[in-house]
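Okay, so here's the structure we're looking at.
Residue numbers (full-length UniProt numbering): 1 to 784.
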């Protein structure tokens, strides 16, 4: 069943263009401020007397004692900024002033004794410097806020944006992140250096969900690592999404209002104390789908999702070498999947399902630089509260489908780290995180007349989780960088621990070529509720002593800078997974396959004897935005296999075998003053179909949503996934106001992509369930 939104898109686009192109700005010249702060990359200390020039203009200055610079009343457009000082690598970066309502504020990091490259480009957005042409270790990629705003189909969602990267797959309507064949539960989320729960509404037990709590209006450029990451990261066997929240403008108040068919957003930022440089940032969003559908616009959802979220950051510089910040994010969401409105789609016949997820995180961080040392101390807490309720409404069915489940997972953390620059060649970093986990997990199971059938959860208590790391970076010469270290984890509830060595080498063969090699051991704690499941109708907790899931990564990469704007990257990888929980009760079961659906299935009495492997090759060809256009092509060919209790090697649920992405965009200024820009973006994805287990009408276990354990597990694939997304937008600058109109059309050709199969209990037949068909999103944003 496909879904549609009934809107005349041609009339809508024509109306937007006519309304905006018919008005003029009467030849006025629009200007904006470009300012920033230059610091040392390692210690974040301000650099004084850096010469800052805008090439091919008369603008030039040197940084003040606090490392700051400022160019006022610059005409809108693109500039090349050059910064240099004796003893540091010169930096040349491309900056574009695009919004007349928001200043461009840069944080530029200069590095001592590093490889000289032709050009390093920095994003025009606030936040950390974006080194486009810096060759990094294997699997590492800078997450650009500019790209997240620009890519068709991303809608400002970080997970949707990184789904364009090589090795990353996200084939559903949710934003689950599958990296190199690993389960979507294997990703580590971090925000400003702290580990956070899955930051998605309706997130389930995987790494993504329907709607992100985080969006491009509050994020700075960040890092995404797809494997073999350094010792500073732990508790993940898949990858790391290391997000940065931007700081608010410390000189000027700025506001954003945004309206989409699916929700409203308002953001504000500005100074708390201009003299001291303190600032605030706050962002609030609320769903509007329920209201819009009442007005007659049908989204095609089987139920109406309700959500709201709030994000904020306060930044307080103490002096030039220390600061305190306080950030927080939180979200509430719920949905009711009612049988009377579902027509049997996405929810089993005869059931009403009520589902909700609440999530919050808050952190206070102190930073201190002293000579060649940098210290960081954080106190933070996170909360995760998933819950669901299933009620039977068809007493003709012989099903056990009445259940309530709720989990309260509160984690209080103390984290400290120390960075030391020993000399021009050696540096080190060490850290410790101590976590107290307070939990309350319970459920109840009952039949249609209310008779209790026992429970599988009834645990209240606490435990502790410890992580520590130490790593060293050595640069023997200008072409070679070596990084090696060790990560330690221990879970005190069962005293399981792991010691994980890691290492990487980057060899810059020439000015435009580099080879890289990374290897390491990585482990991940199981989801909390796995440890505390009881055997039904007993008080026995059978999985309490389960060990960490573990893996060994090996990645080799090649980077080629074709010219100032084009880059080619190729990587090959192999991953061995071991100590994966499996079960004798279900010989084909492995925890590696969890995360491919909203449900999370596992067994009692699991043992850490399962294995798996992922291997493949990846290719990326990228043209950075210049001359009004950009282009990105990525492809991956891979294999993902596992061995469960019965010893038979099978495909994992995530073994799609291949994926190809091609995306790009073009923008053109119009009008005498170039105050308006028309933008067009596209994305095309083609990938191997989703793995599934064939259903049979004779197997009663499938009516209980429990997997069939036989030789057919994940043996079949749906037809290949194909999807095309288009994005049209119009940007208009006024003297103090900037406006954007956009139309983002996902699955523009209305391709019928199969997501799963289910048994229709009303007709006793097997049916396909499809992902959303054509799905346009209309939006308007104003900055002032």
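A virtual CB, placed ideally from N, CA and C, is assigned to each residue, including glycine.
Which of helix, strand or coil DSSP assigns to residue i
i, result
"residue 185", "helix"
"residue 502", "strand"
"residue 479", "coil"
"residue 584", "coil"
"residue 159", "helix"
"residue 304", "coil"
"residue 147", "helix"
"residue 748", "coil"
"residue 593", "helix"
"residue 59", "coil"
"residue 770", "strand"
"residue 511", "coil"
"residue 528", "helix"
"residue 617", "strand"
"residue 291", "helix"
"residue 274", "coil"
"residue 50", "coil"
"residue 775", "strand"
"residue 223", "strand"
"residue 712", "coil"
"residue 467", "strand"
"residue 490", "strand"
"residue 821", "Residue 821 lies beyond the stretch modelled for the chain, which goes from 1 to 784, so this question has no answer here."
"residue 85", "coil"
"residue 579", "strand"
"residue 425", "coil"
"residue 700", "Its pLDDT being 48, under 50, residue 700 is placed unreliably in this model, and the coordinates cannot settle the point."
"residue 283", "strand"
"residue 718", "coil"
"residue 559", "strand"
Identified DSSP bridge partners for residue i
i, result
"residue 405", "388, 443"
"residue 461", "439"
"residue 739", "732, 782"
"residue 606", "Beta-bridge pairing links residue 606 to no other residue."
"residue 44", "In DSSP, residue 44 forms no bridge with anything."
"residue 645", "Looking at the DSSP assignment, residue 645 forms no beta bridge with any residue, so it has no partner."
"residue 724", "684"
"residue 367", "323, 376"
"residue 332", "308, 358"
Top-ranked residue by Cα proximity to residue i, from the options
i, options, result
"residue 36", "57, 75, 81", "81"
"residue 795", "73, 64, 90", "The question about residue 795 has no answer here: the residues shown for the chain are numbered 1 through 784."
"residue 688", "758, 195, 638", "638"
"residue 97", "112, 75, 511", "75"
"residue 507", "501, 515, 500", "515"
"residue 59", "71, 473, 753", "71"
"residue 494", "463, 503, 473", "463"
"residue 641", "683, 591, 679, 673", "591"
"residue 713", "588, 323, 144", "588"
"residue 177", "284, 225, 217, 219", "225"
"residue 503", "53, 578, 555, 544", "555"
"residue 200", "544, 249, 309", "309"
"residue 629", "565, 602, 539", "565"
"residue 162", "672, 222, 203, 196", "222"
"residue 758", "331, 487, 751, 767", "767"
"residue 584", "645, 188, 100", "645"
"residue 549", "586, 511, 593", "593"
"residue 715", "191, 697, 652", "652"
Inter-residue CB distance, residue i and residue j (contact presumed, cutoff 8 Å)
i, j, result
"residue 659", "residue 608", "That belief does not hold up - the Cβ atoms of residue 659 and residue 608 are roughly 31 Å apart, past 8 Å."
"residue 685", "residue 677", "The pair is not a contact, with the Cβ atoms about 26 Å apart (cut-off 8 Å)."
"residue 265", "residue 258", "4 Å"
"residue 251", "residue 274", "6 Å"
"residue 43", "residue 483", "Between residue 483 and residue 43 the Cβ distance is about 18 Å, and since that is not below 8 Å, they are no contact."
Cutoff 8 Å: residue i Cβ touching any chain C Cβ
i, result
"residue 283", "Included in the structure is just one protein chain, with no chain C present."
### Inter-stretch contact at 8 Å, needing at least 3 Cβ pairs: the region 203 to 218 / the region 177 to 186
yes
### contact_flag[the region 157 to 168, the region 734 to 749] where n(CB pairs < 8 Å) is 3 or more
no
### Message
Measuring CB atoms only, is the region 570 to 585 touching the region 615 to 634, in the sense that at least three cross pairs come out at less than 8 Å?
### Response
yes
### Query
Any contact of the region 530 to 537 with the region 549 to 561, i.e. 3+ C-beta pairs under 8 Å?
no
### Query
Would you say the region 226 to 235 touches the region 304 to 317, given that touching needs at least three Cβ pairs under 8 Å?
no
### Query
Is there contact here, the region 438 to 455 with the region 470 to 485, by at least three beta-carbon pairs under 8 Å?
no
### Message
Counting beta carbon pairs with one atom in the region 238 to 248 and one in the region 361 to 375, are three or more of them shorter than 8 Å?
### Response
no
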